[in-house]
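Engineer: Protein chains in written order, with UniProt numbering: chain G, 1 to 590; chain X, 1 to 590.
There are 2 protein chains.
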Amino acid sequence: MPSYTAPTKDIQFLLHDVLKVSEQSVPGYDEMDRDFTSAVVEEAGKIASDVLAPLNAVGDTEGCTFENGVVRTPKGFKDAFEQMKEGGWTALDCDPEYGGQGLPYLMMTAVNEPFVSANMAFNMYQGLTHGAYSAIHAHASDELKAKFLPKMVTCEWTGTMNLTEPHCGTDLGLMRTKAEPQADGSFKITGQKIFISAGDHDMSENVIHLVLAKIVGGPEGIKGVSLFIVPKIMVDDNGDLGERNAVSVGKIEEKMGIHGNATCVMNYDGAVGYLVGEEHKGMRAMFTMMNEARLGVGLQGYAQAEAAYQNALIYAKDRLQGRDVTGAKNPDGPADPLIVHPDIRRNLMEQKSFVEGARALTYWGANLIDKHSREHDEAAHGLVSLLTPVIKGFLTDKGFDMAVQAQQVYGGHGYIEEWGMSQFARDARIAMIYEGANGIQALDLVGRKLAQDGGKHVMAFFEMVKAECKAHEDERMKPFTDALKNASKQLQAAGMYFMQNGMKNPNNALSGSYDFMHMMGHVCLGLMWTRMAAAAYSELDAGNTDTDFLNAKIKTGEFYMARSLPACSMHLARIETGADTVMGLTADQF
Amino acid sequence: MPSYTAPTKDIQFLLHDVLKVSEQSVPGYDEMDRDFTSAVVEEAGKIASDVLAPLNAVGDTEGCTFENGVVRTPKGFKDAFEQMKEGGWTALDCDPEYGGQGLPYLMMTAVNEPFVSANMAFNMYQGLTHGAYSAIHAHASDELKAKFLPKMVTCEWTGTMNLTEPHCGTDLGLMRTKAEPQADGSFKITGQKIFISAGDHDMSENVIHLVLAKIVGGPEGIKGVSLFIVPKIMVDDNGDLGERNAVSVGKIEEKMGIHGNATCVMNYDGAVGYLVGEEHKGMRAMFTMMNEARLGVGLQGYAQAEAAYQNALIYAKDRLQGRDVTGAKNPDGPADPLIVHPDIRRNLMEQKSFVEGARALTYWGANLIDKHSREHDEAAHGLVSLLTPVIKGFLTDKGFDMAVQAQQVYGGHGYIEEWGMSQFARDARIAMIYEGANGIQALDLVGRKLAQDGGKHVMAFFEMVKAECKAHEDERMKPFTDALKNASKQLQAAGMYFMQNGMKNPNNALSGSYDFMHMMGHVCLGLMWTRMAAAAYSELDAGNTDTDFLNAKIKTGEFYMARSLPACSMHLARIETGADTVMGLTADQF
């Protein structure tokens with residue numbers, strides 16, 4: 001069975017040596033000193049290793065069941081969820097007004113990572129609740145907040161997000177679920193929603209569904225969509241539970257992975273719903289929490305890669321097979337460990353350099369979200385909006401690829417379920433799809449974010465990269481700054497191509513959107529590695545004696561710059577071929 | 001449920017317009033005229049669509065069972081297998097002396113593709129039998145051949161390949177299974193083998209295991225390995241079945257995919273075995289059939305991508321979601337079909353251009369195998385030996401990637417098992433691992449094949465590419481020849497880098513082996529597309545009126561050249577960074 005250990009040292013390095021949180025002016029960051037973050041992450045890591053990781057395979061094998069209208073989670077999930085609630089882990093960054101601890105989102109992210117690495121399907125129950133909490137917190141009336149949030153903060157009640165219907169996912173304008181206004185100000189919700197993660201289960205007293213629906217008589221299409229709270233069990237004015245609402249589970253889906261999470265078809269048959277925010281402004285309410293939700297999915301991508309990598313590494317050090325061509329490394333044994341072989345190294349280094357770079361990017365994103373929400377820093381908001389599709393799309397694509405590569409280290413043992421490597425790949429696969437399929441992320445990036453606010457955020461990004469290169473002009477940083485400069489230039493050239501050719505035919509830009517997203521992902525990770533290497537050198541210069549760790553950071557970064565950034569020239573070349581070959585066939589010619 | 005239709009037109013185009021089989025001097029090819037190959041492939045396609053494809057999901061869902069020592073295949077498999085036997089499909093390219101039809105291997109390949117696309121797990125029972133047949137046919141005594149081959153040709157008895165043991169896969173020198181010589185010339189085989197595909201089942205009277213084992217007292221390591229026939233049920237001199245041999249199934253594995261094929265732990269407890277070929281020359285006996293077996297796995301890679309692509313295409317034409325940014329294409333409907341969107345196109349074109357190129361490469365490989373086996377063409381043998389690791393490694397890596405991309409077209413529907421797209425990806429995943437994991441293919445290519453016979457085969461390959469470019473110097477072929485020339489030059493530069501830097505440190509070559517394999521894969525597919533485009537133009541010039549099909553070939557090829565060949569510059573850049581960053585960490589620093 002796979003094991004998991006929280007990468008506490010890496011997290012601490014990021015928070016304190018790279019992001020230097022205690023030096024930031026963000027309200028709440030002053031509490032995040034080394035001792036505090038270390039204690040919190042260590043404790044989260046313990047729960048991840050001891051409680052959640054052992055349930056990961058159980059969740060996969062057993063899955064959820066649906067019998068007589070009742071959804072049951074796999075054995076052990078309920079107890080583990082109780083531990084999460086009791087430990088206050090669900091309330092970490094929630095508003096103290098509703099019982100939360102008010103910690104920064106960055107701290108929540110650092111805690112979330114071990115939980116997701118250890119058991120992604122399990123963590124989704126809390127993750128979805130947090131998403132619903134955020135939407136209600138941002139948009140609902142004080143009355144609704146007071147009624148629902150305190151129990152959602154503690155996960156006594158969990159939450160869901162209901163967007164997709166059988167005939168529409170991305171194109172929510174086609175939505176058919178309807179909301180009929182009632183005399184008491186509530187609405188009757190009728191329709192079917194599918195792919196509802198954590199849609200129902202046996203770990204909480206109530207489930208609070210957030211449902212997108214169209215108010216009868218409202219505008220056509222996406223402009224007529226509103227957001228509603230629909231509780232599974234009605235809540236009276238004293239906060240006590242009453243009757244069942246007219247919402248039920250139609251079935252649960254058989255899926256490729258995340259078997260421990262119940263993916264439900266939800267049927268709303270005139271269920272009582274409460275409007276969140278304004279009528280017909282449902283999409284806006286959903287979008288305000290999009291950056292946070294998508295960053296969370298990006299985290300899932302690299303967190304699964306991290307868990308898979310840890311196990312691939314153990315196997316590579318343990319499994320004896322073949323000999324080092326430059327001379328036996330384990331001459332007294334029957335063979336050398338796999339890790340002596342250059343192609344196994346290449347594979348492991350790709351995993352390691354991706355995961356550490358991805359973690360840095362995600363934490364930086366969380367930091368920017370804090371700057372916006374706690375300091376009203378609009379530049380930070382613009383930047384994280386630009387980075388969000390990259391974090392979601394690139395990190396989940398690569399996270400899956402890396403989980404697949406980790407599986408490959410095991411040979412045939414990676415394909416059988418016994419070793420657990422298949423599950424990492426199967427679970428990671430969903431992150432490329434939900435919360436906006438990655439093609440949609442690319443479209444969001446190229447079609448919206450690049451030009452947002454007159455292109456000022458992407459220009460700020462390029463300026464930031466330039467400044468970072470300027471700041472480290474010493475010889476030893478050249479492997480970083482040279483590669484980053486080059487990749488950044490190529491990314492700018494791609495943006496220029498879109499501007500010059502997208503005018504006459506938008507397909508010239510859209511045909512290259514996926515490549516651009518990946519290219520920008522590499523530039524972002526290149527930037528992260530430049531920062532991390534500079535931080536590592538600066539620690540070494542200051543006499544930090546953990547030289548093995550710090551030198552490994554620098555060398556891992558050098559690997560990424562040398563071996564991964566060359567992808568940018570490939571993406572640029574593809575982009576510059578435009579739409580001609582992409583759109584060359586008629587639909588019938590396929 | 002996914003559907004499948006054999007790409008008969010594409011296969012005919014390859015056989016007759018590109019490979020021009022009837023014009024080749026290979027014995028047996030004269031029978032392969034258009035009518036004959038069309039009739040055979042059509043018929044195979046019918047079985048694939050009507051019999052095998054409907055059982056694909058059944059096999060996945062139900063899987064094989066192991067109870068009271070008996071392995072059972074999923075419902076319907078046995079009847080389908082009977083149909084395969086009765087139709088003579090298992091005997092197509094087998095030696096007429098043992099009841100085969102003596103058709104070329106190329107013809108067998110063209111028939112195999114639809115079978116594998118429709119149901120990979122099912123086809124493995126026959127595929128493994130064919131592999132065992134080939135090894136016995138090439139190396140066993142006439143007596144053993146007469147005893148075992150006729151029933152293996154008809155698949156009344158199926159076959160297996162037993163190499164892997166719990167502690168050794170790639171490094172077979174560590175093998176522990178032992179063979180003790182008996183007075184009657186037979187051997188007693190004792191040991192445990194794992195990951196034995198089609199190791200046991202209920203579809204044939206007998207299973208003929210080919211087992212690698214070490215004769216007691218023989219040389220240490222890989223040089224002491226011999227090959228044995230070990231029948232599940234003993235066969236007497238009249239060919240009648242007798243008692244059970246001392247071989248049994250320990251368990252069957254739970255796997256990520258190919259659930260319809262029983263992957264067995266096989267226990268040999270002093271089982272009677274018969275030596276195949278010479279003592280201690282077991283590896284050589286296995287290697288002679290390696291090109292064929294690995295080509296068959298490469299075929300599995302792209303055949304799964306083909307099946308996944310067909311369904312992604314249907315979905316992309318059918319599913320209405322969003323609007324074409326350049327103007328509605330389905331103005332009377334609620335939305336346009338997915339296929340109008342540039343990023344969906346990009347995705348589909350990547351799948352289509354890969355699969356068609358991969359098919360061409362595989363058929364060319366099969367053609368070269370025929371040239372060697374039927375004409376004793378040693379140059380063809382050298383070339384296919386060089387191409388084999390590329391066909392196996394590149395086509396299975398990309399085949400899996402493309403199946404994953406096909407799944408992505410479906411959004412959330414691709415992740416739930418109901419639509420069958422998950423199965424294509426899960427099944428395709430094994431092809432990257434078995435028959436030599438792809439890292440081993442890369443090692444075989446760079447460590448052995450490049451330098452084989454003084455490098456003459458790789459030089460012949462480059463000459464062939466050059467000649468192909470020379471042969472098509474007209475303007476309209478420039479998108480092909482320019483890109484191919486460029487990619488081929490980059491591949492040569494990579495080879496040069498290995499020569500210059502691999503001497504002082506072999507890790508400089510081995511660290512780039514995986515990149516080289518992919519780079520060579522792209523050059524091979526570029527060569528295939530150049531040939532196919534030239535053939536299409538030549539057909540158009542000759543007045544062939546199927547212009548939609550022929551123009552689509554050309555445009556699909558242009559897509560591949562423009563959008564896929566740029567990967568070569570990335571791989572070259574990676575390769576030229578050598579071993580430094582790959583091998584930079586100590587094992588403890590990971």
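Note that the Cβ used here is the ideal one computed from N, Cα and C, for glycine as well.
1. When the cut-off is 7 Å and only beta carbons count, does Arg574 of chain G lie next to chain X?
2. What are the start and end residues of the alpha helix (DSSP H) that includes Asp343 of chain G?
3. By how many angstroms is the C-alpha of Leu445 of chain G removed from the C-alpha of Phe462 of chain G?
4. Taking just the CA atoms, how far does His259 of chain G sit from Leu55 of chain G?
5. Taking Cβ-Cβ distances shorter than 7 Å, what residues in chain G pair up with Asp343 of chain X?
6. Check whether the Cβ of Ile196 of chain X lies closer than 7 Å to any Cβ atom in chain G.
7. Provide the residue(s) that pair with Pro181 of chain G in DSSP beta bridges, ordered along the chain.
8. From the DSSP output, which residues share a beta bridge with Tyr274 of chain X?
9. Would you call Arg284 of chain X buried or exposed, if buried means 16 or more other Cβ atoms sit within 10 Å of its Cβ?
10. Report the three-state DSSP secondary structure of Met256 of chain X (helix, strand or coil).
11. From the beta carbon of Met503 of chain G, is the nearest beta carbon of chain X less than 7 Å away?
12. If you draw a straight line from the alpha carbon of residue 606 of chain X to that of Gly69 of chain X, how long is it in whole angstroms?
13. CA-CA distance, Asn261 of chain X and Gln24 of chain G?
14. On a CA-only basis, which of G:Pro334, G:Gly521, G:Ala303, G:Gly502 is nearest Ile11 of chain G? Give me that one, please.
15. What residues in its chain sit with their C-beta under 6 Å from that of Phe516 of chain G, if we drop five residues either side in the sequence?
16. Quick check on the DSSP output: the beta strand (DSSP E) that includes Leu212 of chain X runs from which residue to which?
17. Kindly examine the ligand ADP and report whether one of its heavy atoms sits closer than 6 Å to the Cβ of Pro331 of chain G.
18. So Asn261 of chain G is in the beta strand (DSSP E); what residue range does that whole segment cover?
19. Tell me Lys466 of chain X's beta-bridge partners as DSSP assigns them.
20. Would you mind working out which of G:Ala312, G:Val40, G:Ala335 sits nearest Lys424 of chain G, comparing C-alpha positions?
21. Counting only Cβ pairs nearer than 9 Å, list the residues of chain X close to Asn311 of chain G.
22. Which of helix, strand or coil does DSSP assign to Val458 of chain X?
23. Within a Cβ cutoff of 7 Å, which residues of the same chain sit near Tyr514 of chain X, ignoring the five residues on either side of it in sequence?
24. Cα separation between Lys504 of chain G and Asp580 of chain G?
25. Assess, as a yes-or-no matter, whether the region 57-67 of chain X is touched by the region 128-135 of chain X under the definition of 3 or more beta carbon pairs within less than 8 Å.
26. Using C-beta distances below 6 Å, list every residue in its chain close to Ser353 of chain X, excluding the 5 sequence neighbours before and after it, in chain order.
27. Can you tell me whether Gln500 of chain X is buried or exposed, with buried defined as 16 or more other CB within 10 angstroms of its CB?
28. What is the rounded straight-line gap between the Cα of Pro150 of chain X and the Cα of Ile233 of chain X?
29. Measuring alpha carbon to alpha carbon, tell me which residue in X:Asn267, X:Asp427, X:Asn544, X:Arg244 is nearest Val211 of chain X.
30. Scan the region 41-57 of chain X for residues whose Cβ lies nearer than 8 Å to a Cβ of chain G and list them as they occur along the chain.
31. Indicate whether at least one CB of chain G lies closer than 7 Å to the CB of Pro96 of chain X.
32. Considering only C-alpha positions, which residue in the set X:Arg476, X:Phe81, X:Leu275, X:Met402 is nearest to residue 594 of chain X?
33. If you measure from the beta carbon of Ser422 of chain X to each beta carbon in chain G, is any gap under 7 Å?
34. So, is Ala467 of chain G buried or exposed, given that buried needs 16 or more other C-beta atoms within 10 angstroms?
35. Please state if the CB of Ala406 of chain X and the CB of Ala567 of chain X are separated by a distance shorter than 7 Å.
36. What first and last residue would you give for the beta strand (DSSP E) that runs through Thr158 of chain X?
Structural biologist: The answer reads as follows:
1. As a first step, residue 574 of chain G must be located in the first sequence, where it is residue number 574. It does; some Cβ of chain X falls within 7 Å.
2. As a position in the first sequence, residue 343 of chain G is number 343, starting the count at 1. Its alpha helix (DSSP H) spans residues 342-375.
3. Walking along the first sequence from the start, residue 462 of chain G turns up at place 462. Walking along the first sequence from the start, residue 445 of chain G turns up at place 445. A straight-line Cα-Cα distance of about 15 Å links Phe462 of chain G and Leu445 of chain G.
4. The residue you call residue 55 of chain G lines up with position 55 of the first sequence. The residue you call residue 259 of chain G lines up with position 259 of the first sequence. So the two alpha carbons sit approximately 12 Å from each other.
5. Working through the second sequence from its first residue, we reach residue 343 of chain X at position 343. Here the neighbours are Gly439, Ala442, Leu443, Leu510, Ser513, Tyr514.
6. Translated into the one-based positions of the second sequence, residue 196 of chain X becomes position 196. For Ile196 of chain X, the answer is no, since every Cβ of chain G falls outside 7 Å of its Cβ.
7. Here residue 181 of chain G refers to the residue found at position 181 of the first sequence. Beta bridge pairing from DSSP links Pro181 of chain G with G:Phe187.
8. Here residue 274 of chain X is taken as the residue at index 274 of the second sequence, counted from 1. Answer by DSSP bridge pairing, in chain order: X:Ile229.
9. As a position in the second sequence, residue 284 of chain X is number 284, starting the count at 1. With fewer than 16 other CB atoms across the displayed protein chains lying within 10 angstroms of its CB, Arg284 of chain X is exposed.
10. As a working mapping, residue 256 of chain X is identified with position 256 in the second sequence. Reduced to three states, the DSSP call for Met256 of chain X is coil.
11. Position 503 of the first sequence, counted from the first residue, corresponds to residue 503 of chain G. Answer no: the Cβ-Cβ gap between Met503 of chain G and chain X never drops below 7 Å.
12. In the structure as shown, chain X starts at 1 and stops at 590, and residue 606 of chain X therefore has no counterpart that could be examined.
13. Numbered from 1 along the second sequence, position 261 holds the residue referred to as residue 261 of chain X. Numbered from 1 along the first sequence, position 24 holds the residue referred to as residue 24 of chain G. Rounded to whole angstroms, Asn261 of chain X to Gln24 of chain G spans 58 Å at the Cα level.
14. Residue numbering aside, residue 11 of chain G sits at position 11 when the first sequence is read from its first letter. Per the Cα distances, G:Ala303.
15. For the purposes of this step, residue 516 of chain G is taken as the residue at position 516 of the first sequence. When the five nearest sequence neighbours on each side are left out, the beta carbons in the same chain lying within less than 6 Å of the beta carbon of Phe516 of chain G are those of Val446, Ala494, in order along the chain.
16. What you label residue 212 of chain X is simply residue 212 of the second sequence in a count that begins at 1. Element bounds for Leu212 of chain X: 206-215.
17. The ligand ADP is absent from the structure shown, which contains no ligand whatsoever.
18. Counting from 1 along the first sequence, the entry for residue 261 of chain G is found at position 261. Per DSSP, Asn261 of chain G belongs to no beta strand (DSSP E) and is neither H nor E.
19. As a position in the second sequence, residue 466 of chain X is number 466, starting the count at 1. Answer is none; Lys466 of chain X lacks a bridge partner.
20. As a first step, residue 424 of chain G must be located in the first sequence, where it is residue number 424. In the sequence as presented, Lys is not what sits at residue 424 of chain G; that position holds Phe. Ranking G:Ala312, G:Val40, G:Ala335 by Cα distance to Phe424 of chain G puts G:Ala312 first.
21. Residue mapping note: residue 311 of chain G aligns to position 311 of the first sequence, counting from 1. Taking the beta carbon of Asn311 of chain G as reference, no residue of chain X falls within 9 Å; the closest one sits roughly 13 Å away.
22. Your numbering for residue 458 of chain X matches position 458 in the second sequence. Helix.
23. As a working note, residue 514 of chain X is residue 514 in the second sequence. Take Tyr514 of chain X, set aside five residues on each side of it, and the residues of its chain with a beta-carbon closer than 7 Å to its own are Gly439, Ala442, in chain order.
24. Position 504 of the first sequence, counting from 1, holds the residue named residue 504 of chain G. Position 580 of the first sequence, counting from 1, holds the residue named residue 580 of chain G. So the alpha carbons of these two residues sit roughly 13 Å apart.
25. Contact check between the region 128-135 of chain X and the region 57-67 of chain X: fewer than three CB pairs, one atom from each, fall below 8 Å, which does not count as touching.
26. In the second sequence, residue 353 of chain X corresponds to position 353, counting from 1. Beyond the five residues adjoining it in sequence on each side, Ser353 of chain X comes within less than 6 Å, by CB distance, of Thr556, Phe559, Tyr560 in the same chain, given in chain order.
27. Position 500 of the second sequence holds residue 500 of chain X. Burial call: exposed.
28. The count along the second sequence starts at 1 and reaches residue 150 of chain X at position 150. The count along the second sequence starts at 1 and reaches residue 233 of chain X at position 233. Roughly 16 Å separates the two Cα atoms.
29. Within the second sequence, residue 211 of chain X is the residue found at index 211, counting from 1. The alpha carbon of Val211 of chain X has as its nearest neighbour, out of X:Asn267, X:Asp427, X:Asn544, X:Arg244, the alpha carbon of X:Asn267.
30. Residues of the region 41-57 of chain X whose Cβ lies closer than 8 Å to any Cβ of chain G: none.
31. Within the second sequence, numbered from 1, the residue matching residue 96 of chain X stands at position 96. No - not a single Cβ of chain G is within 7 Å of the one on Pro96 of chain X.
32. Outside the displayed range of chain X (1 to 590) lies residue 594 of chain X, so it cannot be described from this structure.
33. In the second sequence, the residue the question calls residue 422 of chain X occupies position 422. With its beta carbon less than 7 Å from one in chain G, Ser422 of chain X belongs to the interface.
34. Stepping through the first sequence from its first residue, residue 467 of chain G is reached at position 467. It is exposed - the Cβ of Ala467 of chain G has fewer than 16 other Cβ atoms within 10 Å.
35. Counting from one through the second sequence, the residue named residue 567 of chain X turns up at place 567. Counting from one through the second sequence, the residue named residue 406 of chain X turns up at place 406. For the pair Ala567 of chain X and Ala406 of chain X, the CB atoms are not nearer than the 7 Å cut-off.
36. Start at 1 with the first residue of the second sequence, and residue 158 of chain X comes out as number 158. Where Thr158 of chain X is concerned, the enclosing beta strand (DSSP E) stretches over 157-162.
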